[in-house]
Amino acid sequence: MNEHNILFIGLDTHKEFNEVAYCEDIRGAKPTHLGRIQNTKTAIQKLVRQLTSKYPHYAFHFIYEAGPCGYWIYRLLTSIGHSCHVVAPSLIPKKPGERVKTDKRDALKLAQLLKNGDIEAIYVPEPEDEAIRDLSRARQTAMEDLKDAKYELKSMLLRNNIQCQIADNWSKQHLRWLTDLVLPHPTQQIVLQEHIQTISERMKRLARFDTELEYHVKLWRYYPVVKAIQAMRGVRLLVAVGVIAELGDLNRFDHPRKLMSYLGLVPSEHSSGGHRRLGAITKCGNGRARRLLIEGAHSYRYAANISPELQKRQEQLSKEIVDIAWQAQLRLCRRYQRLMKRGKHYNVVITAIAREMIAYIWAIAKEVVLTPVNPKQRLSRVPS
Numbered sequence: 001m002n003e004h005n006i007l008f009i010g011l012d013t014h015k016e017f018n019e020v021a022y023c024e025d026i027r028g029a030k031p032t033h034l035g036r037i038q039n040t041k042t043a044i045q046k047l048v049r050q051l052t053s054k055y056p057h058y059a060f061h062f063i064y065e066a067g068p069c070g071y072w073i074y075r076l077l078t079s080i081g082h083s084c085h086v087v088a089p090s091l092i093p094k095k096p097g098e099r100v101k102t103d104k105r106d107a108l109k110l111a112q113l114l115k116n117g118d119i120e121a122i123y124v125p126e127p128e129d130e131a132i133r134d135l136s137r138a139r140q141t142a143m144e145d146l147k148d149a150k151y152e153l154k155s156m157l158l159r160n161n162i163q164c165q166i167a168d169n170w171s172k173q174h175l176r177w178l179t180d181l182v183l184p185h186p187t188q189q190i191v192l193q194e195h196i197q198t199i200s201e202r203m204k205r206l207a208r209f210d211t212e213l214e215y216h217v218k219l220w221r222y223y224p225v226v227k228a229i230q231a232m233r234g235v236r237l238l239v240a241v242g243v244i245a246e247l248g249d250l251n252r253f254d255h256p257r258k259l260m261s262y263l264g265l266v267p268s269e270h271s272s273g274g275h276r277r278l279g280a281i282t283k284c285g286n287g288r289a290r291r292l293l294i295e296g297a298h299s300y301r302y303a304a305n306i307s308p309e310l311q312k313r314q315e316q317l318s319k320e321i322v323d324i325a326w327q328a329q330l331r332l333c334r335r336y337q338r339l340m341k342r343g344k345h346y347n348v349v350i351t352a353i354a355r356e357m358i359a360y361i362w363a364i365a366k367e368v369v370l371t372p373v374n375p376k377q378r379l380s381r382v383p384s
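The sequence shown: position 197 = 197 (UniProt numbering), numbered continuously.
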């Protein structure tokens, strides 16, 4: 085998089919359109066999865009010994003059970009990591659905000028008051009861997700990291699980600034000549993890303190991790007060705190030693 024995294969993936193009690793070689295949395990395996018979001494490097079809193609191809690159659609270079976009052109473009080395692959989570991420996202969706149901009921009461004197909304006393409430029209009473029933069902659904998440996260390989970063103020279990489930292995970032940039927490910039212009944060990368960090950053409004709950979370953690968490609290609380005194907008201050929070989370994750994944014990997410 010589240095040219590589075949770059671009897949433009869709729900029902894949458009295929390939390019040899030879100077001046142009990508060739192969055709369209079904988006099934059998069709992809058949494609590999056809390419193997035509190019028996070549190594195959596949590439496709990340999308709603997930990572099963990546896992299928890597499981049979081939290299596969999953790329972010937003990072694919585009020429300003291009006005025609087709599936065929997309496949040809992917093969050419991979051959030229003009694009980087994204991080692909392990199947078990993706499963925890699915559970975390489902819990977040359940919480948002519950909020929506509560807003709908409160809007109905507001429209009808019905006021409740109970300060603690959605407590048992408040729910009893809602149950005993009688509206003037029978049809409105039906709507009220349906709203109450929906809220009750969604509260139970959220409680089920909380129970399952708390159980399964303890069996997860990243649980030591989840437990360690809870030493941070503002990082409780749900925030810790959500951040690690979305980001995966933090050790792939050799510097925290790269992690900040990955999360879109760094300011955008449009500079030219001697003028430097900074704008709002880029908001690129994982928005779910960014929102969780913003949520946790609000806790640094108050003076540095170790609450009983935080002290309990820090039990059985190493001194190095606890010290990092305390240093983070001292710095971030001071930074919050300093930025507020300078007249910065509250949202700007909270975003700055979240940006530094992830740096300390990265430092804590570096202190945790994880067991490497055994390839033979990986779960399969390839369709049968």
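Cβ atoms here follow ideal geometry from the backbone N, Cα and C, with glycine treated the same way.
Remark: fewer than three beta-carbon pairs, one from each stretch, lie closer than 8 Å, so the stretch 325-338 and the stretch 281-291 are not flagged as touching. Sequence-distant partners of proline 224 (beyond 5 residues in either direction) whose C-beta falls short of 7 Å from its own C-beta, in its chain, are Val368, Leu370. Counting of Cβ neighbours within 10 angstroms places threonine 13 among the buried residues, the total reaching 16 or more. For isoleucine 350, the enclosing alpha helix (DSSP H) begins and ends at 346-366. For leucine 339, the closest C-alpha among the options Arg236, Ala352, Pro308 is that of Ala352.
DSSP places arginine 36 in the uninterrupted beta strand (DSSP E) bounded by 32-38. It is roughly 43 Å from the alpha-carbon of arginine 137 to the alpha-carbon of tyrosine 55. Rounded to the nearest whole angstrom, the CA to CA distance from lysine 344 to leucine 310 is 29 Å.
The C-alpha of arginine 257 lies about 16 Å from the C-alpha of alanine 328.
Beta-carbon to beta-carbon, histidine 33 and alanine 107 are separated by about 7 Å, close enough to satisfy the 8 Å threshold. Selection Gln197, Ala297, Val191 evaluated against alanine 240 yields Ala297 as nearest (Cα-Cα). Sequence-distant Cβ neighbours of tyrosine 300 in its own chain, meaning closer than 7 Å and more than five residues away, are Arg233, Gly234, Leu332, Cys333, Tyr336, Ile353. Within the stretch 138-190, no run of beta strand (DSSP E) at least 3 residues long lies entirely inside it.
Residue environment: histidine 85 is assigned as buried (16 or more neighbouring CB atoms within 10 Å of its CB, all protein chains considered).
For the pair of segments examined, the stretch 38-45 was found to touch the stretch 64-82: the number of CB pairs separated by less than 8 Å reaches three. Listed in chain order, the beta strand (DSSP E) elements of length 3 or more contained wholly in the stretch 201-234 amount to none. Taken through DSSP and simplified to helix, strand or coil, aspartate 323 comes out as helix. The secondary-structure analysis by DSSP pairs serine 83 across a beta bridge with His61. Between leucine 278 and serine 268, the C-beta gap is smaller than 9 Å, which places the two residues in contact. Alanine 228 has its alpha-carbon roughly 8 Å from the corresponding atom of glutamine 314. Relative to isoleucine 6, the option among Lys154, Leu146, Ser83, Glu144 whose CA is nearest is Ser83. Residue burial annotation: arginine 208 is exposed, with fewer than 16 other C-beta atoms found within 10 angstroms of its C-beta. Annotated as proximal: isoleucine 244 and tyrosine 222, with beta-carbon spacing under 9 Å. By the Cβ-count criterion, arginine 99 is exposed, with fewer than 16 other Cβ atoms from all chains shown falling within 10 Å of its own Cβ. A distance of 9 Å or more separates the beta carbons of tyrosine 64 and glutamate 130. Annotated as proximal: glycine 10 and cysteine 23, with beta-carbon spacing under 9 Å.
By the criterion of at least three beta-carbon pairs nearer than 8 Å, the stretch 118-127 is in contact with the stretch 87-104. In the three-state scheme derived from DSSP, where H, G and I count as helix and E and B as strand, alanine 21 is classed as strand. With fewer than 16 other Cβ atoms inside 10 Å of its own Cβ, valine 182 counts as exposed. Residue pairing by DSSP puts glycine 10 in a beta bridge opposite Ala21, Ile63.
The residue from Val48, Ile361, Lys147 with its alpha-carbon nearest to that of arginine 205 is Lys147.
Bounds of the alpha helix (DSSP H) holding isoleucine 44 are 41-54.
Cα atoms of glutamine 50 and histidine 216: separation of roughly 42 Å, rounded to the nearest angstrom. In the three-state scheme derived from DSSP, where H, G and I count as helix and E and B as strand, glutamate 269 is classed as strand.
Between alanine 289 and glycine 248, the beta carbon gap of about 10 Å keeps them out of contact (Cβ cut-off 8 Å). Residue pairing by DSSP places leucine 278 opposite Glu269 in a beta bridge.
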